[in-house]
Structure formats: structure tokens, C-alpha cells
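First up is the structure itself, then whatever we jot down about it.
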Amino acid sequence: MKKIDDLGYELCKYQASLFEHSGSLSNCSSSYFYKQFMNSELAKRIDSNGFLFESLDIEAALDELKKEKDLTKGKTKVPLAIMSWIGYMLRYWAYTYEISSKRIFSNIKINELERLYEAYHSLDVEEAVKRISDSKGMKYAGIFEDELYLIRQILKKD
């Protein structure tokens with residue numbers, strides 16, 4: 008497992024803010040935003056860790072996401088504090104486990120994370136991620152294992 012560093016913390020704070028600001032999307036449910044974001048080009052760029060050098064503010068990031076994805080589905084919103092926690096925790100998970108947002112999304116949905124908020128939000132984020140990851144059978148494996156996972160997913164489709 009990779010140790011979190013200053014870059015990782017900044018990415019976590021950025022994504023927490025992005026998830027929190029997703030509440031401003033009037034015609035988009037939180038679960039739909041989560042799905043669209045986790046499968047977006049923006050998430051891929053944030054996964055690459057060089058994203059902070061782009062200096063893209065939150066509003067510009069939401070605008071970019073709106074251009075790439077349809078963010079006009081659903082109305083049900085997760086409370087902003089929970090969305091912020093989910094965004095932060097997911098980025099911490101992707102950064103320290105060195106796995107993609109897309110892989111995390113394929114293993115856990117927002118309604119599961121929302122249910123875990125009460126029990127886990129007061130834990131150290133590393134402990135929360137470890138517990139969730141272990142419960143999903145997603146042990147730390149590093150980049151090589153993540154690539155193997157993607158190959159397995161492709162082969163399943165064929």
C-alpha cells in the first residue's frame with residue numbers, strides 16, 4: 008500500500024469538494040453523479056496523480072463533466088457532508104491502493120457508502136478504506152494487479 012503524501016491529501020480534498028459541489032447540479036441525483044464521475048475522463052485524469060498541475064477549479068471540473076456526461080438524471084440527493092466524505096475516502100482509496108476509480112465503482116455503489124457513513128466517518132480514513140476494501144475482497148495489490156483485473160474484465164465480456 009502506498010503511503011499518503013501531500014499530493015494525495017490535496018487530491019482527496021479536491022475530490023471531496025467536487026463531490027460536495029455536485030449537490031448544485033439541480034437535475035442530477037447523487038448516485039447518478041457518482042456513476043458518471045467514477046467512469047469519466049476526469050476521474051481517469053485524477054487517478055493519474057498529475058491532475059493538480061492542471062489547476063482546474065471545481066466549477067470548471069463540473070462544467071467539463073457536464074460536457075462529457077449527461078448529468079440530468081434523477082433528483083435524490085445524498086447530504087453534502089456524506090458526499091464530501093465519500094469523495095475524500097474514494098480518492099484516498101484510489102491513491103493509496105493505486106487502483107482506478109472505475110475499479111472501485113465496479114465493486115461498491117454509493118448507497119453502500121451512504122449506509123457506512125454513520126459507522127465509518129469518524130474513523131481514520133485509512134481504517135475506513137481498509138475495512139471497506141477488505142469487506143469487498145479488494146486487498147491491496149498495486150498497479151500490476153489492477154492491470155490484471157482490467158484484463159480479466161475484458162476477457163469476461165468476450
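Residue 8 is where the sequence shown starts when you use the numbering used here, and the numbers rise one by one after that. Just so it is clear, CB atoms sit at the ideal spot from N, CA and C, and this is done for glycine as well.
Cβ neighbours of residue i in the same chain (closer than 6 Å, five flanking residues each side left out)
i, result
"Ser108", "Met45, Ala50, Asp54, Ala101"
"Val132", "Met96, Tyr99"
"Lys74", "none"
"Trp112", "First, the residue type needs correcting, since residue 112 is Phe and not Trp in the sequence shown. So the list reads Met45, once near-sequence residues are dropped."
"Gly15", "Tyr102"
"Tyr127", "Ala135"
"Ser24", "Ile65"
Residue i and residue j closer than 8 Å at C-beta
i, j, result
"Ser91", "Phe40", "no"
"Gln22", "Lys76", "no"
"Thr79", "Met8", "no"
"Val7", "Glu121", "Residue 7 falls outside the range modelled here, since the chain spans only 8 to 165, and no answer is possible."
"Ser47", "Leu18", "no"
"Asn114", "Met145", "yes"
"Leu123", "Ile139", "yes"
Buried or exposed by the 16-neighbour rule on C-beta atoms within 10 Å, applied to residue i
i, result
"Ser142", "exposed"
"Ala67", "exposed"
"Ala135", "buried"
"Ile161", "exposed"
"Arg110", "buried"
"Phe60", "exposed"
"Ser31", "exposed"
"Ser33", "exposed"
Same chain, Cβ closer than 8 Å to residue i, five either side skipped, listed in chain order
i, result
"Lys20", "Tyr95"
"Thr83", "Ser36, Ser37, Ser38"
"Arg52", "Phe58, Glu61"
"His28", "Ile65, Glu66, Leu69"
"Lys10", "Thr103"
Own chain residues within Cβ distance below 7 Å of residue i, not counting five before or after
i, result
"Phe151", "Its pLDDT being 48, under 50, Phe151 is placed unreliably by the model, and nothing is read from it."
"Leu87", "Glu27, Gly30"
Test: residue i CB closer than 8 Å to a CB of chain B
i, result
"Trp92", "Checking the listed chains, one finds no chain B in this structure; it contains a single protein chain."
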